[in-house]
Ligand code: X5A
Ligand code: ZN
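Residue numbers (our numbering): 1 to 670.
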């Protein structure tokens, strides 16, 4: 199993034959730049390379009319003047004698990719194609697009494999109105698109690109438009869109396949998009999607006109599809006001159609500030730790793929744990004397038999911080979990970690001397009520419903983790943690993104072998098992979550959901 790369050199044949400043950016070099990038980074040879074949007329007619297909076929025999004349009948289109061949290869490549993924030949894959597809319509070329590659692939997946739920994520900077029209009344295809809109003044200038276009008939709610009304959207804005809009809906929809209209004109440097998101962002977007649909992701190239930016972004996506850890995201994790407004507009339009949105908005209307949980003490902020480049991160950047992927330190043997292939059993330990010195800090909490695993755990932590090991699991005896976590925290700090995120599940008390200087973000998940000690130390109950648990991860944990940008995550499952295996796996799998995979999970040995195994699989990169059917969060769960979000929002801007209306606030104050 691996990643497919579908391509054919012939797709570089089509090119603009006359002067047209609007169309000249869609050039053959786009494909060669992307492919060269993959070759230079050794990514092409890691993929299963498939040579694209032309789609048949029957396959094209899944989406397009026979008259239109015949018309495009005819362009093969036209001369330059006739091609130019025909091109002018469409908006932002050029034809070339090779257009028909290329466009059939492009659609065919998307179909082959879907076949490779749905037959199980590969996990996921990418098709590098020209011409792009998402603007093309049943009987019209549009915006450089001739046949709608992704829409044809979706119809094919429905028809040939009987799929009932397909998610299309269109992260191209233009609105894929072609896809929207084709599936407008179809509830089996959830179409999400963000796009430069500027209140309708950006191409293709359509009112139906706005947030209030949600689909029609039975398809209502299955078109999700997120129009950007300003340029300059960056990593934080794209992340906020995924965490607060796309992913909640996607989990509720529960797709069987994810198709990505992978345009990279939404990346920095692109002349069309004028956005700011860096290529690394696409690694994160890709990894966030990997928890859906059993990891069945098919990405098909759409736009992307800045050759260097395009090549880098494609590499980031392919690298992530191959399972490499995500690189750190740069820049302050603060979404801009305009982005928050856009997100709010989507919520307003979609709320009738999605329970996952309703559960949150219903509670944010009655003021969570009214609840009287005390805000204990003010956080001492530490200017040194905040946003300073971490020497640890620099080091592991030089070695992006650690030699050891996932390792387990345990007295329980690997065969008893039934670890997935590729997960290593850790034998090496730090020196006995060193282990004892650390253990002495917690004399009463460590038994002699704990020392062997503690020594191995410390060794694994060093490996993670050194970039030798990507992530790991350490088992402990029940009594030693809290002490182990404490030792690991201290060792991170001794190792000059700048920021450590601790997710402590169950009855694990906050270590008495836990630093509150911004270096440790301590989130305890336990008990019945949320509590806040500082902007860096707090606790929240474990939601019991699927809806509540998803809101907890997407609405709280990931925004905090992305805002904090930790060097390493320590995830400890202590006594009475109450987490189901699927919940633990999803939490671990999703926490990988903001920390580049560097997670050390501490679990109690004994009763929970299955848990250790499921966690190992998730850390190793396997898609976590389903949480089960979507069930709305309980009022208590939402209240606790909203309380935390409201209190923490001033420091952690990615938590912010609703843009604060300045005028209204002023009114309230007066
Ligand atoms: C696929 C794509 C853009 C067309 C822009 C026309 N098309 N101004 O990015
Ligand atoms: Zn585009």
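Built from N, CA and C at the ideal position, the CB exists for glycine as well.
Residue i versus the options, residue with shortest Cα-Cα distance
i: residue 140; options: 548, 37, 68 and 3; result: 68
i: residue 521; options: 513, 512, 499 and 541; result: 499
i: residue 326; options: 290, 355, 298 and 354; result: 290
i: residue 638; options: 262, 589, 546 and 582; result: 546
i: residue 230; options: 276, 34 and 603; result: 276
i: residue 15; options: 57, 40, 47 and 83; result: 83
i: residue 408; options: 605, 654 and 202; result: 605
i: residue 672; options: 556, 528 and 561; result: Since the first residue shown for the chain is 1 and the last is 670, residue 672 is missing from the structure and cannot be characterised.
i: residue 589; options: 557, 116 and 564; result: 557
i: residue 492; options: 33, 459 and 509; result: 459
i: residue 444; options: 427, 406 and 484; result: 484
i: residue 581; options: 616, 592, 636 and 125; result: 616
i: residue 183; options: 583, 587 and 63; result: 63
i: residue 340; options: 495, 42, 242 and 262; result: 242
i: residue 636; options: 551, 559, 622 and 619; result: 551
Cβ-heavy atom distance, residue i to ligand 2, below 7 Å
i: residue 174; result: yes
i: residue 302; result: yes
i: residue 272; result: yes
Paired residues, beta bridge with residue i - DSSP
i: residue 520; result: 500
i: residue 572; result: 504 and 602
i: residue 267; result: 277
i: residue 227; result: 195
i: residue 5; result: 49 and 126
i: residue 674; result: Missing from the structure shown is residue 674; the chain here goes from 1 to 670 and no further.
i: residue 537; result: 522
i: residue 258; result: 167 and 297
i: residue 531; result: 539
Span separating the alpha-carbon of residue i from that of residue j
i: residue 487; j: residue 567; result: 17 Å
i: residue 193; j: residue 507; result: 42 Å
i: residue 17; j: residue 658; result: 48 Å
i: residue 473; j: residue 54; result: 47 Å
i: residue 553; j: residue 252; result: 14 Å
i: residue 648; j: residue 536; result: 9 Å
i: residue 532; j: residue 643; result: 10 Å
i: residue 349; j: residue 655; result: 21 Å
i: residue 389; j: residue 599; result: Because residue 389 sits at a pLDDT of 45, beneath the cut-off of 50, its placement in the model cannot be relied upon, and the following sentence gives the value as read from the coordinates. Roughly 19 Å separates the two Cα atoms.
i: residue 287; j: residue 50; result: 23 Å
i: residue 195; j: residue 173; result: 5 Å
i: residue 509; j: residue 28; result: 60 Å
i: residue 113; j: residue 129; result: 12 Å
i: residue 646; j: residue 360; result: 13 Å
i: residue 651; j: residue 356; result: 25 Å
i: residue 264; j: residue 609; result: 43 Å
i: residue 279; j: residue 90; result: 32 Å
i: residue 228; j: residue 293; result: 27 Å
i: residue 542; j: residue 530; result: 10 Å
i: residue 461; j: residue 449; result: 20 Å
i: residue 358; j: residue 200; result: 28 Å
i: residue 681; j: residue 311; result: Outside the shown range of the chain (1 to 670) lies residue 681, about which nothing can therefore be said.
i: residue 48; j: residue 4; result: 5 Å
i: residue 306; j: residue 1; result: 32 Å
i: residue 126; j: residue 45; result: 14 Å
i: residue 496; j: residue 175; result: 46 Å
i: residue 81; j: residue 32; result: 28 Å
i: residue 86; j: residue 544; result: 60 Å
i: residue 95; j: residue 584; result: 52 Å
Near ligand 1: residue i beta-carbon under 7 Å from a heavy atom
i: residue 265; result: yes
i: residue 92; result: yes
i: residue 145; result: yes
i: residue 194; result: no
i: residue 676; result: Missing from the structure shown is residue 676; the chain here goes from 1 to 670 and no further.
i: residue 306; result: no
i: residue 24; result: no
i: residue 203; result: yes
i: residue 135; result: yes
Ordered list of beta strand (DSSP E) runs contained in the region 131-196, each at least 3 residues: 166-170 and 189-196
Fully enclosed by the region 438-510, which beta strand (DSSP E) runs are 3 residues long or longer? 469-476 and 500-505
Restricting to runs no shorter than 3 residues, where is the beta strand (DSSP E) found entirely within the region 586-643? 599-604
Just to confirm the assignment: which complete alpha helix (DSSP H) runs, minimum length 4, are found wholly within the region 298-374? 307-321, 337-350 and 355-365
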